[in-house]
Every structure is written in structure tokens, then in C-alpha cells.
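Line order of the protein sequences matches chains A and B.
According to my numbering, the stretch in the first sequence is residues 9 to 192, in order.
According to my numbering, the stretch in the second sequence is residues 9 to 192, in order.
Glycine residues also receive a C-beta, built at the ideal position from the N, C-alpha and C atoms.
Number of protein chains: 2
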Amino acid sequence: MINYPGKAKSSYKKTVNYSNRGMDLEELINLSNEYYLQEDIAVIYKKPTPITIVDASFDSHGRVITKAYFKEPSTLDYNGLYKGKYVDFDAKVTKSKTSFPLSNLHDHQYEHMKNVLNHGGITFLIISINNKYYYLDGKDIIDFKENNDRQSIPYSYIEEKGIEIETKIKPRLDYIKALDKKHF
Amino acid sequence: MINYPGKAKSSYKKTVNYSNRGMDLEELINLSNEYYLQEDIAVIYKKPTPITIVDASFDSHGRVITKAYFKEPSTLDYNGLYKGKYVDFDAKVTKSKTSFPLSNLHDHQYEHMKNVLNHGGITFLIISINNKYYYLDGKDIIDFKENNDRQSIPYSYIEEKGIEIETKIKPRLDYIKALDKKHF
Chain A
9 MINYPGKAKS SYKKTVNYSN RGMDLEELIN LSNEYYLQED IAVIYKKPTP
59 ITIVDASFDS HGRVITKAYF KEPSTLDYNG LYKGKYVDFD AKVTKSKTSF
109 PLSNLHDHQY EHMKNVLNHG GITFLIISIN NKYYYLDGKD IIDFKENNDR
159 QSIPYSYIEE KGIEIETKIK PRLDYIKALD KKHF
Chain B
9 MINYPGKAKS SYKKTVNYSN RGMDLEELIN LSNEYYLQED IAVIYKKPTP
59 ITIVDASFDS HGRVITKAYF KEPSTLDYNG LYKGKYVDFD AKVTKSKTSF
109 PLSNLHDHQY EHMKNVLNHG GITFLIISIN NKYYYLDGKD IIDFKENNDR
159 QSIPYSYIEE KGIEIETKIK PRLDYIKALD KKHF
């Protein structure tokens, strides 16, 4: 996990902790997406957090939201375009060392993954488990869910079907490499 | 524009005004996207509005945002998947009857359109002008912008290069039909 701190200091402008520990998964993915965009590798963005605005007014900075609630998302957090293909995914951290609880995704998110597969897109999860990061393809997730009574995916299944994602300086999480291995 | 109000009353649950007048463009597109999803035609969603949260707390409903500002989006409002292709677009209303001002899109939105084209995706605008709706392909928009000093696209160019979008009961705005004509 320690990503060559010596090299990092000279080539990487962000501060302090060059290990990925301490950065949350979302931040790692956002930095990776920025890198993929800068290098013209992929066009992938995190969707804004969906909210329901209850009250808004105006202040000296313009329109200001004064009351809003978070909404449950019906899709996944990230989507975009890579090598002409539609990609759509989410990132999940599990503290369990032995399995990934399926309750991490809502029913309509599973429906969304199925829709993406049915229409020829690519969907997957980035799972942080046991201090490692895995790419787990949507097909393998749906397949597990539909053929098991278990409420969580065992770590052994993730190790077998998933692809471990390399952590680097740039990109922090090279999930596109895993995607390449699986689909291109 | 009046979409068979008789038929609409019996087959369509939403209330009152069966003409598209009075509904804003965003609403028409959202209803169309719901229809495309239900009919398993396309998987397209509006992205949530990006905001910057300044303050949040908790109330009886859970976490509540108490101060937030709207952020300028760096991408377009809608994206998704149709026939295996990545699609990415925005919807714009112009009151001018003679042209579409290019200032309707920010520079990074043009950059985003170029990125989408470069990576093999489809991008376009739905333009509401002169009480009509047009599909105008991203290539034609970029092409105009890069080869003209004019700050707005004349209506004649939209009529020539664009495709008029049919309005119906379901979907309200059949922009997928225009997409089909252009790309499939």
C-alpha cells in the first residue's frame, strides 16, 4: 500500500500522506478519474449527491439552499465513457474481512446494474476489503445474488472472480487496468 | 403541440395539461426518460444538481443540509446508455426566434462534448426554439463553434443540421427517434 513515498514527493502535488490509508475510497477514485481525464484515457465523473430541496432563498452570494435532505440514489455513483463503452459503477468499503454484504446496494441499484448489462454497458463495483481493492464485475455480482441464498458475497468469491486493483501514485487506483483485463 | 388530449386523459396518469405548453423542458425529458426506462428502450438519467454544502446538521428526519450553494456543472445534465452506446446531452430553451446563443454552454461543457466525441460517445443538445424542439448533434455544434466568429447558431443552421423532435403522449419528447435517425 505504501506507494513509493520518495517518488511521490517529487512528482505529486497533493499533500502529506502518500499511502492510500487515510484517504477515503471516494477521494482515491476522484483523483484517479481526474488523472484518466487529463491523460485522455477515459471520461468518467462522480454524479453529484442527490438531494431534495425544501427551502431556498438569496444571499449576497446568490441563490442559497437553506433546507435540503439527502435522497437515496437510484443509480450508481460513477459513470462515463471508456474506449467507446458506457461504464457505470459504485465504490464500497466493507469492514468485514470475510464477506461483502449485499445490503450495501439497494434493490433499485441492482435493477440499474441489470439494465446497464441488458443494454450493452459495463457495470461493476470497486470493493475495499481486507486492505485491498477489488474490481468485481456486475455480471458476477448479479450472478451471485440470483443463485445464492446468502446475504453476503464471501471474500473467496471476490478473490476468485474479482481482479485486484493496483494502487499507485498516478492513478491512485488503477481500476481501468482491471477493466481492460476483464473487457478489452 | 396539442397531443391528442382525448387519448391522453384515458391513458396517462399525470394531471391536467396535455399540451407540452406549461411543462418545462426538463420535465418533458424526465418523463420521456421514465418511459424509455419502463419500456426497456434506453437507460438515461438526469444527473442531480451539483451543490457545495456549507453547513449540515441533524433533525428528526435525519441529516439535513442547512446551507448550500449551487455549483456550475462541468458536464451536461443527462447521460446514459442506448443500444450499447454512451449518450450525453443537455436541454436548452432559447427565447430568441432567430438563433441559439453559444453562451448557453460553458467552456468546460464544450470541452466535455469534445471529450465524449473523442472517446466514441454520442453527445447532443435538445434545443427548444420557436415552439419547436430540435436534436442538434454535438459534432455540428463543435463544428459551428470552431468555424465561426458568430456568438450564436442561426436558426437556419439548426433547421438544416438538426432534427425536429416529435412530441407525443408517450414519450413526451421522442428524442431517441431523432438519435436513431442520426446514428443508428
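- Between B/ASP32 and B/LYS100, the alpha-carbon positions lie close to 10 Å from each other.
- Inside the region 85 to 171 of chain B, DSSP marks whole beta strand (DSSP E) runs of 3 or more residues at positions 86 to 90, 93 to 101, 107 to 109, 130 to 137, 140 to 145 and 160 to 162, from first to last along the chain.
- For A/ILE173, there is no enclosing beta strand (DSSP E), as DSSP marks it with neither H nor E.
- Between A/ASP96 and A/LEU84, the beta carbon gap of about 5 Å places them in contact (Cβ cut-off 8 Å).
- When C-beta distances to chain A are compared with 9 Å, the residues of the region 71 to 97 of chain B below that value are ARG71, VAL72, ILE73, THR74, LYS75, ALA76, TYR77, PHE78, LYS79, PRO81, SER82, THR83, ASN87, GLY88, LEU89, TYR90, LYS91, GLY92, LYS93, TYR94, VAL95 and ASP96, in chain order.
- About 6 Å separates the beta carbon of B/SER107 from that of B/TYR163, a gap short enough to meet the 8 Å contact definition.
- Shortest Cα-Cα distance from A/TYR53 to any of B/ILE134, B/ILE184 and B/PRO58 involves B/PRO58.
- Under the three-state reduction of DSSP output, A/ALA64 falls in the strand class.
- Residues of the region 52 to 68 of chain A with a C-beta less than 7 Å from any C-beta of chain B: TYR53, LYS55, PRO56, THR57, PRO58 and ILE59, listed in chain order.
- Annotated as distal: B/LEU144 and B/ILE173, with beta-carbon spacing of 8 Å or more.
- When the Cα atoms are used, B/TYR43 and B/ARG180 turn out to be separated by approximately 9 Å.
- By the C-beta criterion, the region 125 to 132 of chain B is judged not to be in contact with the region 152 to 159 of chain B, since fewer than 3 inter-stretch pairs fall below 8 Å.
- Taking 8 Å as the CB threshold, A/HIS191 stays off the interface with chain B.
- The continuous beta strand (DSSP E) containing A/ALA76 extends over residues 70 to 78.
- Look at the region 106 to 136 of chain A: the residues with a C-beta under 8 Å from a C-beta of chain B are HIS120, ASN123, VAL124, ASN126, HIS127, GLY128 and GLY129.
- In the structure shown, A/LYS185 adopts helical secondary structure according to DSSP, grouped into three states.
- Judged by DSSP in its simplified three-state form, A/LYS190 adopts helix.
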